[in-house]
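Enquirer: Quick one: the structure is below, and I'll ask about it shortly.
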Amino acid sequence: MVISFLKVVIQFLKAVLYDFYGKMRFINLKRGFLIMRFKKVAALAAVGLLSVAFLAACGKSNKDATDISKKATTITVAQTADSKPYAYKDGNTLTGFDIEVLKAIDKKLPDYKFNYKIVSDEAILTDLDAGRSQIGANNFGKTPEREKKYLFTYPISENVNAIFSSTKNNYTSIKDLIGKKTEIPAGTNYGAIFEAWNKKYPDKKIEVTYSERSLADRLAAVESGQIDFLFASKSAAENLAKTHGVTVASNIPDLKEYPTFKTYEYYILDDTQEKLKGEMDKAIKTLSEDGTLKELSDKFYGGDYTPSVEALK
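If you read the sequence shown in our numbering, its first letter stands for residue 9, the second for the next number, and so on.
What follows is the structure, given as structure tokens:
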């Protein structure tokens, strides 16, 4: 009886074990299927992620290439730092009419970035000739010789020139200069003015001597009577006279009857910068129309010397 009972129990346990084994086998098979399926999905996901990453990298690479292609072209500006009110240092800040107008132009030209390089007045054109700079800024005027070699922007101001003479002579009119003696550096627009005058009025010539003496030295020569007069930038010459303790008379002549003596101020560029010149001309015209040139002229020159509309064509 006991043996029979044990046999029944054993059979029952076998049945339970077989059933449990079968279920576990099924579960394992199912788990294996799920694991295989998971691995397949994971592999596909990994491939997808790698593809996305690759495409993103390509996109970034293309964007970087585009950004590089759109990077602003650096333009070097050669100017002095001791030519007030055109270009000078106020503490450690480079400023002046020429500089502030350039900064305003630069803001309107996103394809360009202006860097400022301080050189001596005499080295500006040399720097352009050597290709080290592309723009020259320091109250440049036009001369026939310069126009053959360089590009000029639209004028940024009408020059404020004055007659400098001894306090004894105190010349006030262009007529006062007839038969008198002056001294100027070679190759300047002032030389062009006197040459044009002497050619037009051969019986009313002004005696011109060319030298390399600085403006300060020539002002001292006017004070001493060695030179009869200078025709020069009012602000620049007055600042130098004050700095060097030179006492001279300065008078702005009426130029309505003497257009030969009317001059404008320009930026000068090397002759490969046609595109830049065109962009700068557009910006200068805009700055004239929106009042920026007038504002800067008032600030640095003490009056509105904005070029006429006709001059900006």
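Beta carbons are placed, not taken as given, at the ideal position from N, Cα and C, and that holds for glycine.
Remember, it's a predicted structure, so these values are computed and weren't measured experimentally.
(1) Rounded to whole angstroms, what's the CA-CA distance from I350 to T268? Just pull it up for me.
(2) Which one of T103, L227 and E155 has the shortest CA to CA distance from N247?
(3) Give a yes or no on contact between the region 159-176 and the region 256-275, applying the rule of three or more CB pairs nearer than 8 Å.
(4) Here's a check: name, in chain order, each residue in its chain whose Cβ is nearer than 6 Å to the Cβ of N206, leaving out the five neighbours to either side.
(5) With Y198 and F239 assumed to form a contact (beta carbons below 8 Å), what rounded beta-carbon distance in angstroms separates them?
(6) Just curious, the beta strand (DSSP E) that L185 is in, first and last residue?
(7) Under DSSP, the beta strand (DSSP E) around L263 begins and ends at which residues?
(8) To the nearest angstrom, how far is it from the Cα of D278 to the Cα of P93?
(9) Does chain D have any CB closer than 9 Å to the CB of F239?
(10) Along the chain, where does the alpha helix (DSSP H) that runs through L286 open and close?
(11) Is L304 helix, strand or coil by DSSP?
(12) How far does the beta strand (DSSP E) with T82 in it reach, from first residue to last?
(13) Tell me the start and end of each unbroken alpha helix (DSSP H) in the region 198-286 that is at least 4 residues and wholly inside, in chain order.
(14) Which residues in the same chain as D306 place their Cβ atom closer than 8 Å to its Cβ, once the five residues preceding and following it in sequence are excluded?
(15) What is the DSSP secondary structure of T161, counted as helix, strand or coil?
(16) I'd like to know whether the C-beta atoms of N100 and S173 end up nearer to each other than 9 Å.
(17) Answer yes or no: do Y274 and Y120 have a C-beta to C-beta separation smaller than 9 Å?
(18) Report yes or no: do three or more beta-carbon pairs, one from the region 217-232 and one from the region 280-298, lie closer than 8 Å?
(19) Please tell me whether, using a cut-off of 8 Å, the distance from the CB of T175 to the nearest non-hydrogen atom of the ligand ATP is below it.
(20) Do you know how far the Cα of T82 is from the Cα of K47?
Expert: Straight from the coordinates:
(1) For residue 350 there is no data in the structure shown, the boundaries of the chain being 9 and 321.
(2) L227
(3) Between the region 159-176 and the region 256-275, the count of Cβ pairs shorter than 8 Å is three or higher; the stretches touch.
(4) Excluding its 5 nearest sequence neighbours in each direction, N206 has C-beta neighbours in its own chain below 6 Å: K213, listed in chain order.
(5) 6 Å
(6) Looking at the DSSP string, L185 is not in any beta strand (DSSP E), and its letter there is neither H nor E.
(7) For L263, no beta strand (DSSP E) segment is defined, and its DSSP state is neither H nor E.
(8) 24 Å
(9) Given the protein chain composition of this structure (a single chain), no chain D is represented.
(10) One detail in the question is off: residue 286 reads as Gly in this sequence, not Leu. That run of the alpha helix (DSSP H) goes E282 to E297.
(11) helix
(12) T81 to Q87
(13) For the region 198-286, whole alpha helix (DSSP H) runs of length 4 or above, ordered along the chain, are 223-232 and 242-251.
(14) Around D306, the same chain offers D312 as residues with beta carbons nearer than 8 Å, after the five sequence neighbours per side are excluded.
(15) coil
(16) no
(17) Their beta carbons are not under 9 Å apart, which means Y274 does not touch Y120 by this criterion.
(18) no
(19) The model on display carries no ligand, and the ligand ATP is accordingly not part of it.
(20) At K47 the pLDDT is 45, less than 50, meaning the model places this residue with poor confidence and gives no usable figure here.
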